[in-house]
Amino acid sequence: MPSASEEKSSASVPKHPPGPVLGPDGKPCKICNVSSFKLAARSQTKKDPSSSKAGSSELPAPSSGSSYSSTAAASGAAVAGTIAATAPATQPADCPPDVEDLGRATWTFLHTTAAYYPEKPTPTQRSSMLGLLKALPNLYPCGWCASHLKENMAIHPPDKVVDDRLSLSKWLCERHNDVNERLGKPIFDCSKTDERWKDGPKDGSCDQARL
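Printed below as a string of structure tokens:
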């Protein structure tokens with residue numbers, strides 16, 4: 001069962017802002033939103049009854065406790081109606097990342113770094129890792145993502161988990177699962193972090209693919 005502080009945190013930060021998140025210039029924030037290419041593809045899939053329910057992967061709506069202003073929500077909703085209609089069929093390879101690309105790349109970096117973190121890190125390595133983790137809420141480009149991470153890390157501080165590799169890997173997996181749960185995505189088995197991020201499947205399928 002979640003603690004009272006966890007329930008409060010969950011209520012204060014939305015799963016995803018309503019409609020496109022706008023930047024300081026009043027335009028959609030590229031790094032805070034799902035790309036128009038993906039939205040267009042999901043919209044098309046929804047219209048095709050013969051397709052699988054790919055639209056189910058869309059980010060869920062925020063709770064009633066959303067801290068985002070109604071003005072921003074209304075402006076975002078106005079922009080949302082034009083995104084799918086104006087998006088090209090395929091996305092060029094050199095487009096800036098969207099919120100999903102950024103999250104995937106960040107988690108890949110963090111999980112892989114933890115997988116190769118020393119079993120007995122030096123004081124310098126512990127300090128560097130702790131500094132990296134604590135810097136994320138301040139530097140992460142997606143503002144609403146950073147706000148959630150900051151609140152989550154206040155409940156689950158990383159200070160002790162940098163003492164060894166397994167503790168760090170488990171902590172990161174749990175933080176990632178907090179995000180997965182918030183977004184309605186599957187929960188990852190944290191006993192398989194090494195298999196996923198370091199060793200690969202026991203059947204050697206990933207090793208064979210690299211020959």
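So the sequence shown is numbered by UniProt numbering: it starts at 1 and just counts up by one. Built from N, CA and C at the ideal position, the CB exists for glycine as well. In this text, all values refer to a predicted model and were calculated from it rather than measured experimentally.
**Item:** CA-to-CA distance, E100 to L132, given in whole angstroms
**Value:** Numbered from 1 along the sequence shown, position 132 holds the residue referred to as residue 132. Numbered from 1 along the sequence shown, position 100 holds the residue referred to as residue 100. Looking at the two C-alpha atoms, the distance is approximately 21 angstroms.
**Message:** Counting beta carbon pairs with one atom in the stretch 184-200 and one in the stretch 106-123, are three or more of them shorter than 8 angstroms?
**Reply:** yes
**Asked** Where N180 and P186 are concerned, what is the direct C-alpha to C-alpha distance, given to the nearest angstrom?
**Response** Residue mapping note: residue 180 aligns to position 180 of the sequence shown, counting from 1. Residue mapping note: residue 186 aligns to position 186 of the sequence shown, counting from 1. N180 and P186: Cα-Cα distance of roughly 6 angstroms.
**Spatially closest choice to R126 from S167, R104, S191, by CA coordinates** = The residue you call residue 126 lines up with position 126 of the sequence shown. Nearest option by C-alpha distance: S167.
**Message:** Quick check on the DSSP output: the alpha helix (DSSP H) that includes Q125 runs from which residue to which?
**Reply:** In the sequence shown, the residue the question calls residue 125 occupies position 125. That run of the alpha helix (DSSP H) goes 123-139.
**Request:** Taking R175 as part of the alpha helix (DSSP H), name the residues at either end of that continuous run.
**Result:** For this step, residue 175 is matched to residue 175 along the sequence shown. Note, R175: alpha helix (DSSP H), 165-182.
**Item:** Supposed close pair D189, G200 - CB separation, criterion 8 angstroms
**Value:** For the purposes of this step, residue 189 is taken as the residue at position 189 of the sequence shown. For the purposes of this step, residue 200 is taken as the residue at position 200 of the sequence shown. The C-beta distance from D189 to G200 rounds to 15 angstroms, too long to meet the 8 angstroms contact threshold.
**Prompt:** Would R104 be called buried (16 or more neighbouring beta carbons within 10 Å of its own) or exposed?
**Reply:** As a first step, residue 104 must be located in the sequence shown, where it is residue number 104. The residue is exposed, with fewer than 16 neighbouring Cβ atoms inside 10 Å.
**Prompt:** Does the distance from the C-beta atom of C32 to that of W107 stay below 8 angstroms?
**Reply:** Working through the sequence shown from its first residue, we reach residue 32 at position 32. Working through the sequence shown from its first residue, we reach residue 107 at position 107. Contact: no.
**Option in A93, E119, T124 with minimal Cα separation from D164** = Locating residue 164 in the sequence shown gives position 164, where the first residue counts as 1. When the alpha-carbon of D164 is set against those of A93, E119, T124, the nearest one is in E119.
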